[in-house]
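The numbering used here applies: residue 319 is where the sequence shown begins, and numbers increase by one. Take a look at the structure set out below.
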Amino acid sequence: MAQNSFSSEWLKTLSDPYAVLGLSVSADDRRVLKRYRMVAKQLHPDVYHVTEDTTKNLAGQILARLVNPAYQKLKQDSGRAEVMATLRFRVRRAAKDAPIAPQGPLAKRLLTVPSHSLETFYEEAIASLIDHQYQALDQFEATTLQLGELNLVYLQLKMGEPLLREKRSGIVPKKEAQPIQFTSIPTEERQPELSYAQRHYHRAQEYIKKKNWSMAVQELRDAIRLEPEHSQYHAVLARVYLVQNLQGMAKVHFRQALKLDPDNPLALKYAEQVNLPVKGAQPAPKPTEPQQKKSGLLGIFSRKR
Numbered sequence: 319m320a321q322n323s324f325s326s327e328w329l330k331t332l333s334d335p336y337a338v339l340g341l342s343v344s345a346d347d348r349r350v351l352k353r354y355r356m357v358a359k360q361l362h363p364d365v366y367h368v369t370e371d372t373t374k375n376l377a378g379q380i381l382a383r384l385v386n387p388a389y390q391k392l393k394q395d396s397g398r399a400e401v402m403a404t405l406r407f408r409v410r411r412a413a414k415d416a417p418i419a420p421q422g423p424l425a426k427r428l429l430t431v432p433s434h435s436l437e438t439f440y441e442e443a444i445a446s447l448i449d450h451q452y453q454a455l456d457q458f459e460a461t462t463l464q465l466g467e468l469n470l471v472y473l474q475l476k477m478g479e480p481l482l483r484e485k486r487s488g489i490v491p492k493k494e495a496q497p498i499q500f501t502s503i504p505t506e507e508r509q510p511e512l513s514y515a516q517r518h519y520h521r522a523q524e525y526i527k528k529k530n531w532s533m534a535v536q537e538l539r540d541a542i543r544l545e546p547e548h549s550q551y552h553a554v555l556a557r558v559y560l561v562q563n564l565q566g567m568a569k570v571h572f573r574q575a576l577k578l579d580p581d582n583p584l585a586l587k588y589a590e591q592v593n594l595p596v597k598g599a600q601p602a603p604k605p606t607e608p609q610q611k612k613s614g615l616l617g618i619f620s621r622k623r
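In C-alpha cells, the structure reads:
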C-alpha cells in the first residue's frame, strides 16, 4: 500500500471508525481510548526510526488521516451514536439492494453461529484480528476490511434483516411470519438488552467456560463499572482472580460481594480460602430456589479446580 493510495475513494472503503481502530461496535469510551492509545503507540514515528522513510511516512499518514479521525468520532457518546446510525443505514440499504455477502472467513462463520453465542464469537473474532492489524502495515488494509465486514454482519444479525443462514431452514414464507405474534417471544428477545451489565456478565460466563480468564475479567469489570452494587458480579470476578492465583484481588472482590450480600453463596464458599472472616454467615439454610439459579456458575468453577 503506497502513500499515494490515500485517495478519497480508497478512504471511503475504510470509513468504519470501529474497524479502523479495531473495536467492536459495543465499545464504550474507555475501550475506545485504550485502543486508540495502543494504535497510536504502534504508529508513532519512533517505532519506525530504523526503517525506510516510505514506511515511516505511511505510518504517519495512517495515523493522521484514519486513526485520529476515527478516534475523534468515537470518543464521545454522541459521536458513537452517529456512527452507529450510519452503519445501520448501510445495513438497511444493503438489505434492499442485495444481502451482505462477506468475503472474510470470520464474517462468513459469524453468519452460522447460534444466536446465544453470537456476541461471544463476534468479540473473539475482533480480538483475533486486531493482534496483527498494525503489526505490519501491508496487512492493515485487508485486516481493517475484515473488521468492517464483521461489524456489518453482526449488526445485520442483531437488526433481524434477511440472512443467508436463515435460508438453510427458512421454510416459512414471509407472509406467514408476519401475523404470528406471541407475547412471550418479544419478551425473550429483549431480555439480553435490558441491561448492558447483564450482557457483559453473560459474555463473561461464556469466557469462563472456555477458560479465557483475561477476557472474563474484562467483561466482569465492565459489568461492575455499570452496576457496582451487584454482589454476584464481584463474587464471580473474585473467583476468576482466584483461579489465576491472584489471591489479593480475589479477596478484595469477595469482601465487596459479602458487603453487598452477606449470604452470597459463591463468596461464602471461598471466603475461608482467601482468609476472609465471615460474620455470622450461614450458607446452609439458604432457600432452594436461589441456590438453583447460581448452581450452574458454581458448577462451572468447581470443574476448573
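Note that CB positions come from ideal geometry on N, CA and C, so glycine has one too.
Nearest to residue i (by Cα), restricted to the options the options
i      : options                           : result
Gly340 : His518, Gln550 and Val357         : Val357
His548 : Val592, Met567 and Ala585         : Ala585
Ala388 : Leu351, Pro595 and Arg408         : Leu351
Gly422 : Lys528, Leu560, Gly466 and Val338 : Gly466
Val471 : Arg517, Arg410 and Asn593         : Arg410
His520 : Tyr551, Glu459, Thr373 and Asn375 : Tyr551
Tyr513 : Arg543, Ser342 and Leu381         : In the sequence as presented, Tyr is not what sits at residue 513; that position holds Ser. Of the listed residues, the one whose Cα sits closest to Ser513 is Arg543.
Ala443 : Asn469, Asp395 and Leu555         : Asn469
Val343 : Glu400, Pro580 and Ala568         : Glu400
Pro363 : Ala382, Arg573 and Lys577         : Ala382
Glu524 : Glu327, Ala534 and Gln516         : Ala534
Ile448 : Tyr354, Pro580 and Ala403         : Tyr354
Pro546 : Thr331, His571 and Leu436         : His571
CB contact flag (residue i, residue j, <8 Å)
i      : j      : result
Lys575 : Ala553 : According to the sequence shown, residue 575 is Ala rather than Lys. Closer than 8 Å, so yes.
Arg398 : Leu473 : no
Gln562 : Val592 : no
Gln451 : Thr438 : no
Ala541 : Ala556 : no
Val338 : Leu384 : yes
Leu428 : Tyr440 : yes
Gln464 : Leu424 : yes
Val558 : Leu578 : no
Asp346 : Lys393 : no
Arg573 : Leu594 : yes
Pro420 : Lys426 : yes
Proximity test, Cβ basis, 8 Å: residue i and chain D
i      : result
Leu594 : Checking the listed chains, one finds no chain D in this structure; it contains a single protein chain.
Alpha helix (DSSP H) segment containing residue i, residue limits
i      : result
Val409 : Asp395 to Asp415
Leu392 : Asn386 to Leu392
Arg348 : Asp347 to Gln360
Val338 : Pro335 to Leu339
Ser326 : Ser326 to Thr331
Gln523 : Tyr514 to Lys527
| request: Can you check the stretch 536 to 607 for any alpha helix (DSSP H) of at least 4 residues that lies completely inside it and give the ranges in chain order? | output: 549 to 561, 565 to 578 and 583 to 589
| request: Any chance you could list the alpha helix (DSSP H) runs of at least 4 consecutive residues sitting entirely within the stretch 427 to 454, in chain order? | output: 436 to 448
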